[in-house]
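Chemist: As you go down the protein sequences, you meet chains F and U in turn. So that you can map any letter, position 131 of the first sequence is 131 in the numbering used here, and since no number is skipped, the others follow by simple counting. So that you can map any letter, position 195 of the second sequence is 1195 in the numbering used here, and since no number is skipped, the others follow by simple counting. I'd like to ask some things about the structure below.
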Amino acid sequence: MMKHLSTIACAALVSLAVTAPAKADLQDILDAGTVRIGVPADVPPFGFLDGSNQQVGLDIEVAKLIAEALGVDLELTTVTSANRISYLATNRIDLTVAAMGATPERALQIDFSSPYSALSIGLFGPEDSELSSLADLGDQTIGVARGTTQDIELTERAPDANIQRYDDDATAASAYLSGQVELLATANIIANDLSKRDPDNALAPIEIFRYSPTHVGVPKGNPDLLRWVDTFVFYNLNNGRLSEMTEEWLGQPLPERFPSM
Amino acid sequence: MNYSFRFSSLLAYRDEIIEGLLLTLQLSAATILIGLVIGVVIAALRTGGPGPLRSIATVYVETIRNTPLLVQLFIIFFGLPSLGLRFTANEAALIGLSINLGAYSAEIIRAGIESVRKSQIEAGHALGLNGYQVFRHVVLFQALKAIYPALTSQFILLMLMTSIVSTIGANELFHQASFIDSRTFRSFEVYTAITLIYLGLTLLFRGVFAAIYWCVFVRRPAR
Chain F
1 MMKHLSTIAC AALVSLAVTA PAKADLQDIL DAGTVRIGVP ADVPPFGFLD
51 GSNQQVGLDI EVAKLIAEAL GVDLELTTVT SANRISYLAT NRIDLTVAAM
101 GATPERALQI DFSSPYSALS IGLFGPEDSE LSSLADLGDQ TIGVARGTTQ
151 DIELTERAPD ANIQRYDDDA TAASAYLSGQ VELLATANII ANDLSKRDPD
201 NALAPIEIFR YSPTHVGVPK GNPDLLRWVD TFVFYNLNNG RLSEMTEEWL
251 GQPLPERFPS M
Chain U
1001 MNYSFRFSSL LAYRDEIIEG LLLTLQLSAA TILIGLVIGV VIAALRTGGP
1051 GPLRSIATVY VETIRNTPLL VQLFIIFFGL PSLGLRFTAN EAALIGLSIN
1101 LGAYSAEIIR AGIESVRKSQ IEAGHALGLN GYQVFRHVVL FQALKAIYPA
1151 LTSQFILLML MTSIVSTIGA NELFHQASFI DSRTFRSFEV YTAITLIYLG
1201 LTLLFRGVFA AIYWCVFVRR PAR
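Take a look at the structure:
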């Protein structure tokens, strides 16, 4: 009898696995009482391991906020930029909050929510700099990593500026820190990281060139879940919560007019 | 091979290329002059200088010849500002390359000095010349003539090595090439053009060095 029962149970399990589409639309997550969210572990300050090997970062905070708003438990899974889309597409996780930018190619595989945060690139300088934009630059020298988005943007905006180009962001940062250039065009997360390591030479933004938004990833075929995440993002953008969290982890708040999808 | 070459896309950047070419030429010429002077002085000190100076010269030559040029440049450009010594990228490049060339040419010139027969030096002393006069009038000319091919090879090598200073942001030829590449993504065309320019520069330098050899060592008989 026991043997029969276990055979039936096994058969039932197998058929479940084969037939039931492992869709995790909103109601399924609520029924399960757990939301499975993929976060990065190697993309500071979005997701990384702190001194005691705990996962921390902006994306982890956002994931916690999502679980709280859903009223369910949070199960974090570490994803990389290479595997995060396949994790979603195969329904091994319900959502990704992984510093992911939306592209038409990626949108063929998964859905994207409205952006919850954004990296920015721009011109940075000492906190006591009197510059407020590229317009009154004068003959100050700017360091930048050659061929990056910030290099292209900077050259377009200030073609006559005294720009020193280096091989990469690290060398450009060295040039700034050793005083070889007076200003640095880079990403805000790099400027923030430099400021944290050397608070005496903290960098402040002078002009932001452009934002590169990050989105929550949702598996295809979950319209309720996608709609819910959009509402979640809208609500927390509107009350300033996401901007505060972005400022805490990335160094600058979100712009006032933040794009939406 | 479906790549279609578009050298015309480089034309828009000819000002940058000319600017880089000029800086490479200036940097090479100035470095060769300064490096030659350093080399002669250091070689003289290593072969016949007083004890302490001889040691200092040896330490200089061994330190520079046994460390990478890139590290030397980074110390000058990124390190020295911590001590309050700040040079622009071009100044740091000139200083770093001159110090580097000085050490290498010193060893080559030392070989030349040591190839001069002892009997000639003794003859100079017998004529009443002092140490400096012997070096200046008897040794140096023969020494330079003996090692001229090796020394000029080192100079040409130096001219090619100026491409390294692009890492500290000096706008020489290679730096300009990387810049154009980052804008046009025409890597093959850019670096082919730069290769040809470097080749032309090498031939130009060889010609100039041959002409100098003829003027100094051939036309005018050795004293």
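Beta carbons are placed, not taken as given, at the ideal position from N, Cα and C, and that holds for glycine. Source: prediction; values computed, not measured.
1) Output yes if chain U places a C-beta closer than 8 Å to the C-beta of G138 of chain F; else output no.
2) Please list, in chain order, all residues of the same chain as D42 of chain F whose beta carbon is under 8 Å from its beta carbon, the five residues on each side excluded.
3) Near G1020 of chain U, what residues of its chain come up, given a Cβ to Cβ distance below 8 Å and the 5 sequence neighbours on each side ignored?
4) Do three or more CB pairs link the region 116–130 of chain F to the region 69–80 of chain F at distances below 8 Å?
5) Of all the beta strand (DSSP E) runs that stay within the bounds of the region 1097–1134 of chain U, which reach a length of 3 or more residues?
6) So, helix, strand or coil for Y166 of chain F, using DSSP?
7) Hey, how far is the Cα of E130 of chain F from the Cα of Y1060 of chain U?
8) Tell me, to the nearest whole angstrom, how far the beta carbon of Y166 of chain F is from that of A172 of chain F; I am working on the premise that it is less than 8 Å.
9) One question on the structure: do A63 of chain F and V97 of chain F come within less than 8 Å of each other, judged by their Cβ atoms?
10) Counting only runs of 4+ residues fully inside the region 144–203 of chain F, write out the alpha helix (DSSP H) ranges in chain order.
11) Below 8 Å on the Cβ atoms is my contact criterion, and I expect L123 of chain F with G217 of chain F to pass it. Report the Cβ-Cβ distance as a whole number of Å.
12) Strictly below 9 Å CB to CB, what residues from chain U border D25 of chain F?
13) Take the Cβ of Q252 of chain F as the centre, count every other Cβ of all protein chains shown within 10 Å, and call the residue buried at 16 or more, exposed below.
14) Give the residues of chain U in contact with S178 of chain F, contact being defined as C-beta atoms less than 9 Å apart.
15) Should G1035 of chain U and A1089 of chain U be called a contact, given that it needs their Cβ atoms to be closer than 8 Å?
16) Please confirm whether Y166 of chain F has its beta-carbon closer than 8 Å to some beta-carbon of chain B.
17) Can you list, in chain order, the residues of its chain whose CB lies under 6 Å from that of N188 of chain F, leaving out five sequence neighbours each side?
18) Got a sec? Which residues, its chain only, sit under 7 Å from R106 of chain F by beta carbon, not counting five neighbours each side?
19) Candidates F:D224, F:L58 and F:I93: which alpha carbon is nearest M245 of chain F's?
20) Going by beta-carbon coordinates alone, are N236 of chain F and D25 of chain F separated by less than 8 Å?
21) Taking T1167 of chain U as the query, report the chain F residues whose CB atoms sit under 8 Å from its CB, ordered along the chain.
22) Could you tell me which chain U residues have their CB closer than 9 Å to the CB of R197 of chain F, listed as they occur along the chain?
23) Please list, in chain order, all residues of the same chain as R36 of chain F whose beta carbon is under 7 Å from its beta carbon, the five residues on each side excluded.
24) Spell out whether any CB of chain U is found under 8 Å from the CB atom of P21 of chain F.
25) How is Y1003 of chain U classed by DSSP in three states: helix, strand or coil?
26) Does any CB atom of chain U fall closer than 8 Å to the CB of V18 of chain F?
27) Given a limit of 8 Å on CB to CB distance, which residues of the region 1142–1165 of chain U reach chain F?
28) How would you label A22 of chain F, buried or exposed, when you count the other beta carbons within 10 angstroms and need 16 or more for buried?
29) Within the same chain, show all residues whose beta-carbon is closer than 7 Å to that of R146 of chain F, passing over the 5 residues directly before and after it, in chain order.
30) So with CB distances below 7 Å, who are the chain U contacts of A185 of chain F?
31) Along the chain, which unbroken stretches of the beta strand (DSSP E) at least 3 residues long are found entirely within the region 111–145 of chain F?
32) Report the option in U:V1208, U:E1091, U:V1139 and U:V1041 whose CA atom is closest to the CA atom of A1123 of chain U.
33) How long is the line joining the alpha carbons of P1052 of chain U and L1025 of chain U, rounded to whole angstroms?
34) Would the beta-carbon of E264 of chain F fall within 8 Å of that of T155 of chain F?
Modeler: So, from the data block:
1) Chain U contact via Cβ: absent.
2) F48 and T80
3) N1171, E1172, L1173, F1174, H1175, Q1176 and A1177
4) no
5) The beta strand (DSSP E) runs of length 3 or more contained entirely in the region 1097–1134 of chain U do not exist; there are none.
6) Correct three-state label for Y166 of chain F: strand.
7) C-alpha separation (whole angstroms): 44 Å.
8) Indeed they touch by this definition, with Cβ atoms about 4 Å apart.
9) yes
10) 149–157, 169–177 and 188–197
11) Contact flag wrong, Cβ pair sits at about 31 Å.
12) Within chain U, no C-beta atom comes less than 9 Å from the C-beta of D25 of chain F; the nearest is roughly 44 Å away.
13) buried
14) Result: F1077, F1078, G1079, L1080, P1081, S1082 and R1086.
15) no
16) Reference to chain B is not applicable here, since the protein chains of this structure are F and U.
17) Here the set comprises S120, L250, G251 and Q252.
18) I85
19) F:L58
20) Taking C-beta atoms as the reference points, N236 of chain F and D25 of chain F fail to come closer than 8 Å.
21) Y166, D167 and T171
22) Neighbours of R197 of chain F on chain U: none; closest Cβ ~16 Å, over 9 Å.
23) E75, T77, I93 and D94
24) With a pLDDT of only 47 at P21 of chain F, under the threshold of 50, the placement of this residue in the model should not be trusted; the figure read from the coordinates follows. Not a single C-beta of chain U is nearer than 8 Å to the C-beta of P21 of chain F.
25) coil
26) Because V18 of chain F sits at a pLDDT of 46, beneath the cut-off of 50, its placement in the model cannot be relied upon, and the following sentence gives the value as read from the coordinates. Output row for V18 of chain F: interface = no.
27) none
28) Unreliable placement is indicated for A22 of chain F, whose pLDDT of 49 sits below 50; the coordinate value is still reported in the next sentence. A22 of chain F should be labelled exposed.
29) The residues are R165, Y166 and D167.
30) Chain U residues near A185 of chain F: none, gap ~13 Å exceeds 7 Å.
31) Complete beta strand (DSSP E) runs here, min 3: 141–145.
32) U:V1139
33) 37 Å
34) There is no way to answer for residue 264 of chain F, as the model of chain F reaches only from 1 to 261.
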